[in-house]
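**Student:** In our numbering, the protein residues as written are 554 to 813.
1) Within the continuous alpha helix (DSSP H) that includes residue 756, where are the two ends?
2) Would you be able to state if there are at least three C-beta pairs under 8 Å between the region 636 to 647 and the region 589 to 609?
3) Starting from residue 622, trace the alpha helix (DSSP H) in both directions and tell me its first and last residue.
4) Mapping the DSSP letters down to three states, classify residue 673 as helix, strand or coil.
5) In chain order, what residues of the same chain have a beta carbon less than 8 Å from the beta carbon of residue 689, not counting five sequence neighbours either side?
6) To the nearest angstrom, how far is the alpha carbon of residue 594 from that of residue 655?
7) Any chance the region 735 to 752 sits against the region 642 to 650, with 3 or more Cβ pairs inside 8 Å?
8) What whole-angstrom Cβ distance do residue 804 and residue 699 have, given they're in contact under 8 Å?
9) Would you tell me roughly how many angstroms separate the C-alpha atoms of residue 632 and residue 782, rounded to the nearest one?
10) Please state whether DSSP places residue 592 in a helix, a strand or coil.
11) Please report how far the alpha carbon of residue 763 lies from the alpha carbon of residue 727, in whole angstroms.
12) Find out if the Cβ-Cβ distance for the pair residue 696, residue 581 is shorter than 9 Å.
13) Closest to residue 658 by C-alpha separation, out of 776, 785, 794, 565, would be which residue?
14) May I ask you to report which of helix, strand or coil DSSP gives residue 585?
15) Locate the alpha helix (DSSP H) running through residue 769, then write down its first and last residues.
16) Verify whether the separation of the beta carbon atoms of residue 604 and residue 721 is less than 9 Å.
17) Pull up the CB-CB distance for residue 674 and residue 653, whole angstroms please, since I reckon it's below 8 Å.
18) When every heavy atom of the ligand ADP is checked, does at least one fall within less than 8 Å of the C-beta of residue 676?
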């Protein structure tokens, strides 16, 4: 029995390494309020389930230089897959940050228990909506499905880190920024028009303290518009995380770029 385990242990550890990288960066799985021991147990269980997809290695290869390089490559792949899956949530988080300053919440932060950091109010609000929609459309299942598919398309030790991977990552960053701006644009545009109106009032009535009056007005305009735009945002986010959405499409594109 022990001889059989020794034969399979190197390959099992490489599978665990890829899964560990994904658990560190993937949406939902990487949150800090999930105990580390639970993450390790989850990655270990998945490693056992997905182990049949791994390329068997001989015990002589264990801890050799080539094996260590393979382990580092698998860890990097897991980190990259989790990061690619999180770009959609990061775009929505960025949209919330872009709204905070125009609405007057730029200096108001709250504690995000998931990240363990002080974050802007609107960014936290949009992040909560995105996570709920992500769970509602089974986005976490899609991430796991993409991970399982990665073992079929990219067997252990057969990853090609070519220049195409860098281009796909750059495209992902650009797409994240554009999507964040698009989501925030309605609120930002309305606040911009409010600023123009306040500027005209300031020129017409110099005695009025426009800064003091404009601060609650901009907050009110932003919150009023949120009532109407949030339902549309939920539909957009749901489409983003659907089986035909951008998140899964980008994951397939990223995995394909690693095949060479």
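Glycine is no exception: its CB is placed at the ideal position from the N, C-alpha and C atoms.
**Tutor:** By the coordinates alone:
1) Taking the first residue of the chain shown as 1, we reach residue 756 at position 203. Where residue 756 is concerned, the enclosing alpha helix (DSSP H) stretches over 716 to 757.
2) Under the Cβ criterion (8 Å, minimum of three pairs), the region 589 to 609 does not count as touching the region 636 to 647.
3) Numbered from its first residue, the chain shown carries residue 622 at position 69. Looking at the DSSP string, the run of the alpha helix (DSSP H) that includes residue 622 is 618 to 656.
4) Taking the first residue of the chain shown as position 1, residue 673 is located at position 120. Note: residue 673 maps to strand in three-state DSSP.
5) Indexing the chain shown from 1 puts residue 689 at position 136. Hits under 8 Å: 791.
6) Position 41 of the chain shown holds residue 594. Position 102 of the chain shown holds residue 655. Each residue's alpha carbon lies about 44 Å from the other.
7) The region 735 to 752, when compared against the region 642 to 650, does touch it at the 8 Å Cβ threshold.
8) Counting from 1 along the chain shown, the entry for residue 804 is found at position 251. Counting from 1 along the chain shown, the entry for residue 699 is found at position 146. Contact between residue 804 and residue 699 holds: their C-beta atoms lie close to 4 Å from each other, under 8 Å.
9) Working through the chain shown from its first residue, we reach residue 632 at position 79. Working through the chain shown from its first residue, we reach residue 782 at position 229. Cα to Cα, residue 632 sits roughly 34 Å from residue 782.
10) The residue labelled residue 592 in the question sits at position 39 within the chain shown. Reduced to three states, the DSSP call for residue 592 is helix.
11) Taking the chain shown and counting its residues from 1, the one referred to as residue 763 is at position 210. Taking the chain shown and counting its residues from 1, the one referred to as residue 727 is at position 174. C-alpha of residue 763 to C-alpha of residue 727: approximately 37 Å in a straight line.
12) In the chain shown, residue 696 corresponds to position 143, counting from 1. In the chain shown, residue 581 corresponds to position 28, counting from 1. Yes, the Cβ-Cβ distance between residue 696 and residue 581 is below 9 Å.
13) Position 105 of the chain shown, counted from the start, is the residue given in the question as residue 658. That would be 776, whose Cα lies nearest to the Cα of residue 658.
14) Taking the first residue of the chain shown as position 1, residue 585 is located at position 32. Here residue 585 sits in coil by DSSP.
15) The residue labelled residue 769 in the question sits at position 216 within the chain shown. That run of the alpha helix (DSSP H) goes 763 to 793.
16) As a first step, residue 604 must be located in the chain shown, where it is residue number 51. As a first step, residue 721 must be located in the chain shown, where it is residue number 168. Not a contact, by the Cβ cut-off of 9 Å.
17) Your numbering for residue 674 matches position 121 in the chain shown. Your numbering for residue 653 matches position 100 in the chain shown. Cβ atoms of residue 674 and residue 653 come within 8 Å of each other, at about 6 Å.
18) With respect to small molecules bound, the structure shown includes none, and the ligand ADP cannot be examined in it.
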